[in-house]
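Each step along the sequence shown adds one to the number in the working numbering, with nothing skipped, and position 102 is 202.
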Amino acid sequence: MKDEFNRFDNIANELKKYKSFNLEFKENSNIKILNQYSTGFTGHTISFEIDNNLNIIESNYDYWTDVPEIGTKYKVLDVDLKLNQNPFKKTDGLRGQYEMKVEKVNENGESLKKITFKGKFKSFKGIEKSSAEYLWALEQNKIFYGITNENGVYLRPDKMPSLKSDHKVLTEKIKKINGYKPNKIRAFVIINEKGKIENKPFRFFGDYGNLNDETQKQVKELLIEFTDWYPACVNEKEVKSQIPIVIGIE
């Protein structure tokens, strides 16, 4: 689950095309800690430069949207940065947490608003990718960055699932069910990595949602048994996804 601290680490680089956390060793022997995140529509860029006594020499904060605000900028008023170790001695396993007080000003330097930004970062350099710690963080990042939900369902896969099987057999089976049936089946379903509809969660909508429980149960079982799907893909790997389906039965 999300907490109030924005998450930055070098696992995010495997999920997106940028480095969410990075260390730069400067020519003046200082270290620059860089945190950044982008949704494609909004983003943050935060940096701290520290000397070998762990003093903050410079800090910067920027927030942007796809609609730029001309003339505005952000001034860092105060930073509370805590590190678990001295990065000048060891960077593997480096963790940090910070609160940054920031003021947004216009082109005349007039204050528009003040905010407090909370962030945390962790380096997974040197940690085995098969380790429980790494795999746990990978899954947490997928949720945090809106890649999956808490059930591992990908929200915006690179390739959406599509129907693989012929639905004629399915519709003939549904026609044989006793009672009223609307001319289209509408439902929200989970398509798993093997291209099958999962039993849960499963929800009919539209007219079908008003049918009795037994009819819904029979149609659901038929949908699961008689449809096969090409699953969604992320980075050319099959993944679990959720889609609305509409199948005509006339």
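Yeah, the Cβ is synthetic: ideal placement off N, Cα and C, and Gly gets one too.
What first and last residue would you give for the beta strand (DSSP E) that runs through residue i?
i: Leu-123; result: 121 to 125
i: Gly-219; result: 211 to 222
i: Arg-195; result: 195 to 205
i: Asp-178; result: 173 to 183
i: Asn-163; result: At residue 163 the sequence reads Tyr, which differs from the Asn that was named. Where Tyr-163 is concerned, the enclosing beta strand (DSSP E) stretches over 156 to 165.
i: Asp-307; result: It is not in any beta strand (DSSP E) - Asp-307 carries neither H nor E in the DSSP assignment.
i: Arg-288; result: Arg is not the amino acid found at residue 288; the sequence shown has Phe there. Element bounds for Phe-288: 284 to 291.
i: Lys-132; result: 131 to 138
i: Arg-107; result: 106 to 109
i: Thr-191; result: Premise fails: Thr-191 is in no beta strand (DSSP E) and is neither H nor E.
i: Phe-148; result: 142 to 150
i: Pro-344; result: 341 to 348
Taking the Cβ atom as the reference point for each residue, do residue i and residue j lie within a distance shorter than 9 Å?
i: Leu-263; j: Tyr-161; result: no
i: Ile-343; j: Val-289; result: yes
i: Ile-111; j: Asn-130; result: no
i: Val-179; j: Tyr-163; result: no
i: Glu-149; j: Ser-159; result: yes
i: Lys-229; j: Val-334; result: no
i: Ser-265; j: Phe-326; result: yes
i: Val-202; j: Leu-181; result: no
Which two residues bound the contiguous alpha helix (DSSP H) that contains residue i?
i: Glu-325; result: 313 to 326
i: Val-269; result: 268 to 275
i: Glu-239; result: 232 to 244
Please report the straight-line C-alpha distance between residue i and residue j, rounded to a whole angstrom.
i: Asn-283; j: Ile-324; result: 19 Å
i: Thr-216; j: Gly-348; result: 53 Å
i: Thr-438; j: Gly-279; result: The requested residue 438 is not part of the displayed model; the chain covers only 101 to 350.
i: Lys-126; j: Lys-173; result: 25 Å
i: Pro-168; j: Asp-313; result: 52 Å
i: Phe-105; j: Asp-307; result: 43 Å
i: Ile-146; j: Lys-294; result: 41 Å
i: Glu-298; j: Asn-292; result: 7 Å
i: Arg-286; j: Lys-320; result: 11 Å
i: Lys-119; j: Asn-251; result: 26 Å
i: Phe-305; j: Tyr-254; result: 21 Å
i: Leu-212; j: Gly-171; result: 12 Å
i: Asn-241; j: Asn-184; result: 21 Å
i: Lys-317; j: Lys-300; result: 12 Å
i: Lys-337; j: Lys-175; result: 43 Å
i: Arg-256; j: Ile-243; result: 12 Å
i: Pro-187; j: Lys-220; result: 15 Å
i: Leu-322; j: Lys-276; result: 11 Å
i: Lys-296; j: Val-339; result: 11 Å
i: Leu-134; j: Gly-196; result: 12 Å
i: Asn-122; j: Lys-218; result: 17 Å
i: Ser-341; j: Leu-154; result: 45 Å
i: Met-200; j: His-267; result: 57 Å
i: Thr-387; j: Tyr-234; result: Here the chain comprises residues numbered 101 to 350, so residue 387 is not present and cannot be evaluated.
i: Arg-107; j: Thr-142; result: 15 Å
i: Ile-345; j: Asp-103; result: 34 Å
i: Asn-208; j: His-144; result: 23 Å
i: Glu-239; j: Glu-124; result: 27 Å
i: Val-269; j: Ala-332; result: 24 Å
i: Asn-128; j: Pro-261; result: 52 Å
If residue i sits next to residue j, beta carbons under 8 Å apart, how far is it from one beta carbon to the other, in whole angstroms?
i: Asp-109; j: Ala-232; result: The pair is not a contact, with the Cβ atoms about 16 Å apart (cut-off 8 Å).
Residue i: beta carbon under 8 Å from a heavy atom of the ligand ADP?
i: Pro-282; result: Of the ligands one can find in the structure shown there are none, so the ligand ADP has no counterpart to examine.
| query | Taking one C-beta from the region 220 to 228 and one from the region 178 to 192 each time, how about it: are there three or more such pairs within less than 8 Å? | reply | Judged by Cβ distances under 8 Å, the region 220 to 228 makes contact with the region 178 to 192, as three or more pairs qualify.
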